[in-house]
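Residue numbers (UniProt numbering): 1 to 392.
In structure tokens:
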């Protein structure tokens, strides 16, 4: 028994060692892959952003209309970058999207422009860097405190997902690779790593991985079909003019970005459903090993039916929440039905929500069938026995 335990420990240590080596190699690859010389899309010569503190408000011509709007003349002390320690006057034009309402002691971001030996400064925005990091830290700490070991594994999974999106997906599409292929690769990588962190090496994890990737690909397929049916493409998004300019300068295939976005957006919900069903069927099989493949399949479907409604509702509400400004605009202007239903923005939101939900719905039978076949063929000892079985 002790020899078996030693062998098991050696396998675990070897497995973790391989994972660490693979992780280091992956990070080295990303460092090399991200050595990209980007095209300059706008003139940045002589312009730098720096942190600054407002020493005094010299002039104040602002009015309040929900937020402060107008112009201020302020005295700044630069606290970072090339001009650190220097004091300068700056113009602060507060508006809805840019600028900042300055008070003495305010932390702001200054845009310093230098030309012909002279410089000028303006207030770009409030310095909210630390607040953003604090919000993220609160979320991650809550996840770890409530989730314990699993919560910590989830944090690692989230970090890996963020790294893949920022340092693999974006560089790939910038280099001209297909956004859909890039999204599929990122989905596969993040699914495998996240599922392994949550479920370990097991049949349950394998089923969840296959179910997740299948569900996400189904979402993309339905999105493609729905776009063909409605004559909508990635060129009909609201920011297409800016994207076309980026395409002309870099070669990015902006037409596929819509479908790539649907792939990534549906990943979280599909992953949740896949792992939940796989784990549930494993537990049912452990508690009732005589149930068989058919019984486990029906049990998984019953659980999945409850999840279909909630997760589909979650996706629809998420996309609706993202387009709430458009909905308010349509309601306030009292658009006619034919005008509203044929708007590109409405069509795209419906396609995104429905296609993602279709992936969730069809993940249920896929995962139920796979998990039932895997767990139904595994012989579990009776739960009454003292030693719990090793699950697959």
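We treat Cβ as the ideally placed atom computed from N, Cα and C, and that holds for glycine.
One alpha carbon belongs to residue 225, the other to residue 181, and they sit about 17 Å apart. For residue 211, the CB contacts under 6 Å within the same chain, skipping 5 residues up- and downstream, are 274, 363, 366, 367 in chain order. Under the three-state reduction of DSSP, residue 256 is assigned to helix. With fewer than 16 other CB atoms across the displayed protein chains lying within 10 angstroms of its CB, residue 118 is exposed. Secondary structure at residue 238: coil, using DSSP grouped into helix, strand and coil.
A residue is called buried once 16 or more other Cβ atoms fall within 10 Å of its Cβ, and residue 50 is buried on that count.
Secondary structure note for residue 124: its beta strand (DSSP E) is the uninterrupted segment 118-126. Annotation for residue 249: 39, 41 place their beta carbon closer than 8 Å to its own, counting only its chain and skipping 5 residues before and after.
Under the DSSP definition of a beta bridge, residue 68 partners with 64. In this structure the segment 312-329 touches the segment 347-359; the number of beta carbon pairs closer than 8 Å is three or more. Excluding five sequence positions before and after residue 120, the CB atoms of its chain that fall closer than 7 Å to its own CB belong to 113, given in chain order. Taking a cut-off of 8 Å on C-beta distances, the segment 279-296 does not touch the segment 215-229, as fewer than three cross pairs fall below it. For residue 343, the three-state secondary structure derived from DSSP is coil. Here DSSP, grouped into helix, strand and coil, assigns residue 36 to coil. Cβ neighbours of residue 157 within its own chain (closer than 6 Å, five residues either side excluded): 194, 197. Taking a 10 Å sphere around the C-beta of residue 311, we find 16 or more other C-beta atoms and assign the residue as buried.
The Cβ-Cβ distance between residue 173 and residue 260 falls below 9 Å. The Cβ atoms of residue 329 and residue 238 do not sit closer than 9 Å to each other. Residues 273 of the same chain have their beta carbon placed closer than 6 Å to that of residue 307, with the five preceding and five following residues left out of the count. Excluding five sequence positions before and after residue 297, the CB atoms of its chain that fall closer than 7 Å to its own CB belong to 368, 369, 372, given in chain order.
Looking at the DSSP output, residue 91 shares a beta bridge with 73, 122.
In this structure the segment 88-104 lies against the segment 122-133, because at least three pairs of beta carbons, one per stretch, are closer than 8 Å. As a beta-bridge residue in DSSP terms, residue 48 pairs with 112. Taking C-beta separations shorter than 7 Å and ignoring five residues to either side along the sequence, the partners of residue 183 in its chain run 169, 260, 263, 264, following chain order.
Taking the Cα of residue 208 as reference, the smallest distance to any Cα among 342, 277, 84 is reached at 277. In this structure, residue 348 and residue 236 form a Cβ contact; the two beta carbons are roughly 7 Å apart against a cut-off of 8 Å. Annotation for residue 357: 312, 315, 316 place their beta carbon closer than 7 Å to its own, counting only its chain and skipping 5 residues before and after.
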